[in-house]
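In my numbering, the protein residues as written are 4 to 79.
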Amino acid sequence: MIHGYCGEFRVETMESQAPGQTQWSSTVFMYHRDHPSPIATIEGAGQGEYRGDAREQALRVGSCLAEFLDPKEYRP
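Structural data, given as structure tokens:
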């Protein structure tokens, strides 16, 4: 798992590979700093032959999502 910060949001990724498959898939978990649980999940946000490629794609997708979210909507 790896994460990155986009303002008040944190993007985490989790990579997985199905048994017998060569492709890696990455899921994005989007958090707001004031919430302990993810506010959004994007399965299949990244895919690639290498784990790092899937992770990089997923981080970009998560970063793009963060640009469209209004942090005020998630503050207490």
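Note that the Cβ used here is the ideal one computed from N, Cα and C, for glycine as well.
One Cα belongs to residue 46, the other to residue 37, and the distance between them is close to 23 Å. Here residue 62 really is in contact with residue 14; their C-beta atoms are around 6 Å apart, less than 8 Å. Counted as a single uninterrupted DSSP element, the stretch harbouring residue 47 is not any alpha helix (DSSP H) but the beta strand (DSSP E) occupying residues 43-51. Secondary structure of residue 7 (DSSP, three-state): strand.
In the structure shown, residue 40 falls within a coil segment according to DSSP collapsed to helix, strand and coil.
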